[in-house]
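**Q** Can you keep this structure in mind? I'll have questions shortly.
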Amino acid sequence: MDLFDMHSLPNWEDHRMLQRHLREDGWKEEAQMKAARELYNKWREIFLYVESYCDTLQNISDYEYTDKNKELIGQNLFIVAPKIIGAAGTGHYILKMENAAIIRRNCCELLDQIRFTTAVGAGERKYANVIEREMDIFRGLFKEWVRTFVKDGYTDDWGLYI
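Mapping of the sequence shown onto this note's numbering: position 35 corresponds to residue 69, and the numbering continues sequentially without gaps.
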């Protein structure tokens with residue numbers, strides 16, 4: 035039995051929004067879609083590692099907030115995949131960049147929570163190290179993915195993505 039068969043996140047190919055986008059004009063963005071698929075699939079791997087890490091977190095006598103940390107980790111964990119799909123499903127540069135910024139922020143917060151739970155003794159360093167190594171790979175794929183974004187003629191009314 036394949037571990038990925040029990041996954042909480044759908045396969046890349048199972049996203050209807052992406053399938054519609056690919057049929058319409060996704061062929062124009064083949065390199066971008068390939069990079070997004072690789073990023074998404076890496077996130078699916080990380081997702082399993084983080085879920086397993088949360089399952090191993092222990093309540094310890096002098097720290098009573100482990101459950102809150104699990105909740106925060108879960109919030110960050112569940113945001114990334116939809117943002118990858120959302121960015122892949124649009125041709126608008128600004129929307130892609132907004133989603134990319136949210137992904138980066140959530141990944142940083144997730145790692146902060148994992149490092150913190152390890153520092154207070156609720157989590158084990160060896161498991162956190164695995165997640166950090168996988169996140170380094172994810173970060174490299176993320177950079178490759180963002181490099182595929184093509185600026186369009188739309189103006190960011192807020193002046194952030196110019």
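The beta carbon of each residue, even a glycine, is placed where N, CA and C say it ideally should be.
Give the range of the alpha helix (DSSP H) segment to which residue 183 is assigned.
**A** From DSSP, residue 183 is part of no alpha helix (DSSP H); its letter is neither H nor E.
**Q** Using a 10 Å radius around the Cβ and a threshold of 16 neighbouring Cβ atoms, would you call residue 142 buried or exposed?
**A** exposed
**Q** Assuming contact is defined by CB atoms lying nearer than 9 Å, are residue 106 and residue 147 in contact in what I supplied?
**A** yes
**Q** What are the boundary residues of the alpha helix (DSSP H) that residue 91 is part of?
**A** Note, residue 91: premise wrong, no alpha helix (DSSP H); not H, not E.
**Q** Taking the straight line between their C-alpha atoms, what separation do you get for residue 188 and residue 72?
**A** 27 Å
**Q** Using a Cβ-Cβ cut-off of 6 Å (strictly less than) and excluding sequence neighbours within five positions of residue 69, which residues of its own chain qualify?
**A** 178, 179, 182
**Q** Just to confirm my understanding: we take residue 173, look at its own chain, exclude 5 residues before and 5 after, and list those with CB closer than 8 Å. What are they?
**A** Once the five neighbours on either side are set aside, the close Cβ partners of residue 173 are 141.
**Q** Can you tell me which of 124, 117, 79 puts its alpha carbon nearest to the alpha carbon of residue 167?
**A** For the residues 124, 117, 79, the minimum Cα distance to residue 167 belongs to 79.
**Q** Alpha carbon to alpha carbon, what distance is there between residue 185 and residue 196?
**A** Those two C-alpha atoms are separated by around 9 Å.
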